[in-house]
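Report on the following structure.
Residue numbers (my numbering): 80 to 334.
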């Protein structure tokens, strides 16, 4: 009996060690995930390259590690960085102005946090952000000054890809019994588009062709398919996700 009790104690001890080890591993995994961030960390050695000499629009938070307001802003700032993670024109960054003094002094930072937006082409005169310290307000501000169109979830806004002239034709196309005239009008509009809009314009034409060949329910089926592909996210690169968003927006012009 004593031998059996000893074996039981050893099994319990081994189980306890295994659980403790699993807990340590889990905590390590959680910590590594928590460290991942889309906020670029600045210091005196990289500030000029990332902010002043780059082609991007850069929002910089000048902060101090001990600052309570900075700590409260941190999760909001991470949301903003996540929203623009797929936007090549925008960088969200932070600079510890307590540990690194050069650029805090240069831009007259006297309180924390201070937010300044370095707009491409106007880097010598950064804009002070004095709006609400909410993710929605900051995303709206960045979209306005950098001429981007991002939502808080990181997807493109509802107007991305849309072309007002083709939207009008699309509505007529859907309501019309004889659609051939609308298609020809749309082709004329697309032929006059700038290169930056040409791809989106051609997708309007593809949708019209598919509706003619497959019926009006093509729009709802294609919306569902593209939404699944975009929202699934696995194995889909950023450019494709943005392209799916534009196509979804264009399809909605036909509803």
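Where a beta carbon is used, it is the ideal one built from N, C-alpha and C, also for glycine.
Proximity winner among the options, relative to residue i (alpha-carbon distances)
i: residue 163; options: 153, 176, 179 and 137; result: 137
i: residue 254; options: 308, 139 and 287; result: 287
i: residue 143; options: 115, 188 and 135; result: 188
i: residue 246; options: 301, 330, 297 and 302; result: 330
i: residue 260; options: 180, 284 and 149; result: 284
i: residue 203; options: 185, 180 and 116; result: 185
i: residue 322; options: 306, 332, 334 and 333; result: 306
i: residue 160; options: 218, 298 and 302; result: 218
i: residue 40; options: 146, 280, 180 and 120; result: What is shown of the chain runs 80 to 334, which leaves residue 40 out entirely.
i: residue 300; options: 333, 277, 275 and 319; result: 333
i: residue 263; options: 280, 228 and 273; result: 280
i: residue 236; options: 320, 134 and 151; result: 320
i: residue 132; options: 200, 275 and 290; result: 200
i: residue 178; options: 194, 145 and 150; result: 145
Beta-carbon spacing of residue i, residue j below 8 angstroms
i: residue 207; j: residue 118; result: no
i: residue 241; j: residue 328; result: yes
i: residue 155; j: residue 214; result: yes
i: residue 176; j: residue 141; result: yes
i: residue 244; j: residue 268; result: yes
i: residue 317; j: residue 165; result: yes
i: residue 282; j: residue 326; result: yes
i: residue 191; j: residue 123; result: no
i: residue 252; j: residue 224; result: no
Boundaries of the beta strand (DSSP E) in which residue i is found, first to last residue
i: residue 153; result: Per DSSP, residue 153 belongs to no beta strand (DSSP E); it is in the alpha helix (DSSP H), 147-162.
i: residue 127; result: Neither: residue 127 is in no beta strand (DSSP E) and is coded neither H nor E.
i: residue 323; result: Not the beta strand (DSSP E): residue 323 falls in the alpha helix (DSSP H), residues 317-331.
i: residue 173; result: 169-175
i: residue 166; result: Note, residue 166: premise wrong, no beta strand (DSSP E); not H, not E.
i: residue 140; result: 136-142
Start and end residues, alpha helix (DSSP H) containing residue i
i: residue 117; result: That residue, residue 117, is in no alpha helix (DSSP H); it is neither H nor E in DSSP.
Report the start-end ranges of each alpha helix (DSSP H) in the stretch 265-297 that is 4 residues or longer and not cut off at the edges. 274-293
For the stretch 184-262, which segments carrying the beta strand (DSSP E) assignment without a break, of at least 3 residues, lie completely within its bounds, in sequence order? 193-197
How do the stretch 194-211 and the stretch 265-281 stand: do at least 3 beta-carbon pairs fall below 8 angstroms, yes or no? no
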